[in-house]
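Number of protein chains: 2
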Amino acid sequence: MTVNRHWRLASYPEGMPSEANWTFTEGPIPEPGPTAILARAIYLDVAPYMRGRMSPQKNYAPGVKLGDVMIGGGIGEVIESNAAQYKPGDFVVTDHGFGWQQYAVLQPSAVRKVERELAPLPYWLDALGLNGMTAYFALLDAGRMRPGETVVVSAAAGSVGQIAGQIARLGGARAVGITSSATKAAWCREAGYADVVEYRNEPDLRAAVANTCVAGVDVFIDNTGGPIHDAVMQNLATYARVVIVGSISLAAKFGQPDIGLRFQRQTLIARATIRGFLVSDYQHQQAEARRRMAEWCRAGLMKSRFDIVKGIENMPQAFLRLLTSQNLGKQLVQVADEPA
Amino acid sequence: MTVNRHWRLASYPEGMPSEANWTFTEGPIPEPGPTAILARAIYLDVAPYMRGRMSPQKNYAPGVKLGDVMIGGGIGEVIESNAAQYKPGDFVVTDHGFGWQQYAVLQPSAVRKVERELAPLPYWLDALGLNGMTAYFALLDAGRMRPGETVVVSAAAGSVGQIAGQIARLGGARAVGITSSATKAAWCREAGYADVVEYRNEPDLRAAVANTCVAGVDVFIDNTGGPIHDAVMQNLATYARVVIVGSISLAAKFGQPDIGLRFQRQTLIARATIRGFLVSDYQHQQAEARRRMAEWCRAGLMKSRFDIVKGIENMPQAFLRLLTSQNLGKQLVQVADEPA
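Heads up: the protein sequence lines correspond to chains H and X, in order.
For the first sequence, the working numbering gives the first residue as 10, with consecutive numbering after it.
For the second sequence, the working numbering gives the first residue as 10, with consecutive numbering after it.
Below is the structure:
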């Protein structure tokens, strides 16, 4: 291979993105500067936050400019290195800095070394990446989860959800997952959930949450917003903590005002706390959390399921699978075979 | 006077209460038991929380039963005492335990002694009562207000609002009040507010808040809910703290679902914290807060404005003044002249 292939943002979608919002381009493989490395993508990430970057609207981080390579994390094999810390054949991971492309020039300060003996490669974009850190800090810091509590997680079979269920179980809490299908529900039960609500099969979602959380919901990790949020908010226990991690249910109407039930009265009565959550606020604590997660992975206490699409040409398709809830487990794109 | 007169709850209102929801009754003056006191009301409280007690719906405290004397705080003069701590002529205050009546039998554990040398009688149902404690803990504990921050308070000329403005100024924050009229706005400026938004005169309330809070809102003490809430939520600074203290704007549609704009995305982007607040959760810290408030009162740093209706027969009218935002300052009912 002598060319680099990349997906560039071509237009801002309204509501749900489509493949037409990107263009698939080719260019030369870049040269690493005097301190940088050149990495070849093995796995690339797709994640809900990317929807927010496909917009000129105010967000917690700047959007991708039209014509630029789409933002994204990745695991790569070092091909060339001008950095003392890395040599060809090493594996590196970056949360956002790879981009949707086959080759990337990376600064050593922007990557972490992958230690394959701790966990297989895909885990480094999962339990040991943004998803794991999100589940860990959303539950244990923002959510202040305590043993014996009832924890509800929406999008429970998804990338953050499958890890949150396992951390909740490890921490002595009772986790209830909310997910779309029986297949996903079965996986949730394997992934630590004591009970699962299949929301598409529940005519009265509020009652279904009440039935699985008879003493109320102590911690709610909200990955979706929308009607699932509404059902849980009507079942809060006193002093409940609601952590707003994502709003994927709003993806189809991204940027439009979200109109619906409001829960100020319930929030007051429960003296609940609702917190907006961004894992980037925990940068300085992630090394320690990652050590714990790696220990759980090595001990077999933390298992992820992956939904892997092959081929750089399928990046948009993989991302759209995720936005439309078709994936089971962490969605990744495998761009090249794993070296032995 | 040989009879006691009381207001009893006759029916549960739908939406805004009316005088027909109570009946004005007479009965014998009760006898204090072996450890109790008999007090004669001087001032009785009316407060928004009472609306929540006029309902069989789930709330943070049980509602008043039909036929029972309406709940409420009061300041009374001790007429008879079987309690060692009190003698006739003393003044006592209770946050909720007096009821809408002229005479009440009170247990000494349920009242506090009024020290008139610290502050005039009405202050004991205000800065040194629930309103003062609410403003103090909502700002300093739940809101974690810091010097230099921008604090927005809705219902700023009201009982909690007028105290919150003064505490914010004492704490080195810049307080912006939201209130209904020019008269109230003028009082807000006296009461510590650096800037005031008169919401009835603002065609674009969101822009008006933005113009007075150019770096965003760090702390929002929300006494109202509704459209004022919406305007502030669209102006949150990063790491903003929103304290849900009351929802008086919903009084007219009490018990109905509150439908409107939702701010999950803004909450996430700002990493804001929204907390439901009840002053009763701070019971064990109130003695210390009350000492500080009393010190500020004595030093002339904490001044309240009172809106005093006279006569036990006007209790419902005073309460309805409050619910319809006609009062200026803390609304009380004076049931008897203050003894010299």
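Using N, Cα and C, we set each Cβ at its ideal position, and we do this for glycine too.
Quick caveat, the model's predicted, so the values are computed rather than measured.
- When CB distances to chain H are screened at a threshold of 9 Å, the residues of the segment 278 to 311 of chain X falling below it are I278, A279, R280, A281, T282, I283, R284, G285, F286, L287, D290, in chain order.
- H/L287 carries a coil assignment under DSSP once its states are collapsed to helix, strand and coil.
- If you compare the alpha carbons of H/L310, H/L329, H/T44, H/M242 with that of H/A260, the shortest gap goes to H/L329.
- The beta carbons of H/L134 and H/L341 sit closer together than 8 Å.
- Contact residues of the segment 118 to 149 of chain X toward chain H are absent (C-beta to C-beta distance below 9 Å).
- If you draw a 10 Å sphere on the C-beta of X/T221, you find 16 or more other C-beta atoms in it, and that means buried.
- Taking 8 Å as the threshold, the shortest C-beta distance from H/R215 to chain X does not fall below it.
- Interface annotation for the segment 246 to 261 of chain H against chain X: I253, V254, G255, S256, L259, criterion Cβ-Cβ distance under 8 Å.
- The beta carbon of X/D267 falls within 8 Å of a beta carbon belonging to chain H, placing the residue at that interface.
- Beta-bridge annotation (DSSP): H/A166 is not paired with any residue.
- Residue state for X/L149 is assigned as helix, using DSSP reduced to three classes.
- Under the three-state reduction of DSSP, H/I80 is assigned to coil, being neither helix nor strand.
- The Cβ atoms of H/A184 and H/V223 do not sit closer than 8 Å to each other.
- When secondary structure is reduced to three states using DSSP, H/Y95 falls in the coil class, being assigned neither helix nor strand.
- Just measuring C-alpha positions, the residue of H/E158, H/R153, H/L148 sitting nearest H/V169 is H/L148.
- The beta carbon of X/I46 sits closer than 6 Å to the beta carbons of V87, S90, A92, Y95, L115 from its chain, once the five residues preceding and following it are set aside; these are given in chain order.
- One Cα belongs to X/P117, the other to H/E297, and the distance between them is close to 53 Å.
- H/T276 reaches chain X at I253, I283, G285, counting residues in chain order whose Cβ is nearer than 7 Å.
- Per the Cβ contact rule, the segment 248 to 263 of chain H is in contact with the segment 224 to 235 of chain H (3 or more Cβ pairs under 8 Å).
- X/K67 is positioned such that its CB atom lies no closer than 8 Å to that of H/I283.
- When Cβ-Cβ separations below 8 Å define contact, X/L115 makes no contact with chain H.
- When DSSP states are grouped into helix, strand and coil, H/Y202 belongs to the coil group.
- Under the three-state reduction of DSSP output, X/H15 falls in the strand class.
- In the DSSP assignment, H/A113 forms a beta bridge with H/A48.
- If you draw a straight line from the Cα of X/T333 to the Cα of X/W305, it is about 30 Å long.
- Annotation: H/G36 to H/L18 spans about 15 Å, alpha carbon to alpha carbon.
- By the beta-carbon neighbour count (other beta carbons within 10 angstroms, threshold 16), H/E158 is buried.
- Between H/N68 and chain X, the shortest Cβ-Cβ separation is below 8 Å.
- A direct Cα-Cα distance of roughly 53 Å separates H/L337 from X/D204.
- Per DSSP, reduced to three states, the secondary structure at H/E347 is coil, with no helix or strand assignment.
- Taking C-beta atoms as the reference points, X/A144 and X/I187 fail to come closer than 8 Å.
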